[in-house]
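Using the working numbering, read the sequence shown as starting at 78 and increasing by one per residue. Even for Gly, the Cβ is constructed at its ideal location relative to N, Cα and C.
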Amino acid sequence: MGKVFKILGFAGSLRKNSYNKSLLSAALELLPEGVALEIFDLEGIPPFNQDFENQPVEKVKEFKAKIRAVDAILIATPEYNYSIPGVLKNAIDSASRPYGDNAFANKPVAIMGASPGMIGTARAQYHLRQCFVFLNCFVMNQPEVMVSSAHERIDKDGKVTDQKTRELIRKLLENFVEWSGRVTPST
Ligand SMILES: Cc1cc2nc3c(=O)[nH]c(=O)nc-3n(C[C@H](O)[C@H](O)[C@H](O)COP(=O)(O)O)c2cc1C
Numbered sequence: 078m079g080k081v082f083k084i085l086g087f088a089g090s091l092r093k094n095s096y097n098k099s100l101l102s103a104a105l106e107l108l109p110e111g112v113a114l115e116i117f118d119l120e121g122i123p124p125f126n127q128d129f130e131n132q133p134v135e136k137v138k139e140f141k142a143k144i145r146a147v148d149a150i151l152i153a154t155p156e157y158n159y160s161i162p163g164v165l166k167n168a169i170d171s172a173s174r175p176y177g178d179n180a181f182a183n184k185p186v187a188i189m190g191a192s193p194g195m196i197g198t199a200r201a202q203y204h205l206r207q208c209f210v211f212l213n214c215f216v217m218n219q220p221e222v223m224v225s226s227a228h229e230r231i232d233k234d235g236k237v238t239d240q241k242t243r244e245l246i247r248k249l250l251e252n253f254v255e256w257s258g259r260v261t262p263s264t
């Protein structure tokens, strides 16, 4: 048996019935062979305060350890006011500090997002990409998974029912493994 390719996934939403959590659940159902996806809930990460960055709480320690333990990161982000939710930015800031101890360094990252609106989180996704420049991550370009009219593609039980969306997520996962192998050949 070959090495398992490990992904850590998290959603930039704390909402119980989050559409973005649903995208991660769909990803769990659509994993290629030899790929494992663990989903991490950002609930409990406190507002970042640089005064305490050298004494992170257990939840932040756990988050950083899980990031470091995987080959790649998968983020499902909502769009809030044309950008990324504070909860997601706060989690990224927390895991990137203190200076010199950035857990994201050199990680391949893939992004997807869902919104009931027409733009499918495009603006938030491009802002999210910008954060990962300073963190020295590799963010995959394609396919772009920008799920518009999420309420029509995800049912009341949180299942992604739209076949085109499922196919896109499947394609993203497939590309992610192959592409990660090229940008970080040690994985
Ligand atoms: C503070 C706030 C700002 C929002 N701004 C946007 C926005 O800029 N673009 C958009 O498409 N939807 C926006 N929405 C609607 C979200 O897309 C919607 O609430 C979505 O369900 C959030 O993702 P989730 O289901 O994963 O929690 C906003 C929602 C909130 C609460």
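Item                                                                                                                                                                    : Value
Just curious, the beta strand (DSSP E) that residue 180 is in, first and last residue?                                                                                  : Careful: residue 180 lies outside any beta strand (DSSP E) and carries neither H nor E.
Considering only DSSP beta bridges, list what residue 157 is partnered with.                                                                                            : 160
Can you tell me where the alpha helix (DSSP H) with residue 245 in it begins and where it stops?                                                                        : 240-260
With the cut-off set at 7 Å, would you say residue 253 and residue 187 are in Cβ contact?                                                                               : yes
Name all residues in chain order for which at least one heavy atom of ligand 1 lies closer than 5 Å to the residue's CB.                                                : 90, 92, 95, 96, 97, 155, 156, 157, 158, 159, 192 and 194
Less than 7 Å separating the beta-carbons of residue 152 and residue 85?                                                                                                : no
Nearest-angstrom Cα distance between residue 141 and residue 177?                                                                                                       : 13 Å
Can you check the region 86-137 for any alpha helix (DSSP H) of at least 4 residues that lies completely inside it and give the ranges in chain order?                  : 96-106
Mapping the DSSP letters down to three states, classify residue 80 as helix, strand or coil.                                                                            : coil
Following the continuous beta strand (DSSP E) through residue 210, name the residue where it begins and the one where it ends.                                          : It is not in any beta strand (DSSP E) - residue 210 instead sits in the alpha helix (DSSP H) that spans 199-211.
Are the CB atoms of residue 94 and residue 88 nearer to each other than 7 Å?                                                                                            : no
On the criterion of 16 or more Cβ atoms from any shown chain inside 10 Å, does residue 92 qualify as buried, or is it exposed?                                          : exposed
For residue 82, which residues from the same chain have a beta carbon less than 8 Å from its beta carbon, with the 5 sequence-adjacent residues on both sides left out? : 111, 112, 113, 148, 149, 254, 257 and 264
May I ask you to report which of helix, strand or coil DSSP gives residue 144?                                                                                          : helix
Which of helix, strand or coil does DSSP assign to residue 150?                                                                                                         : strand
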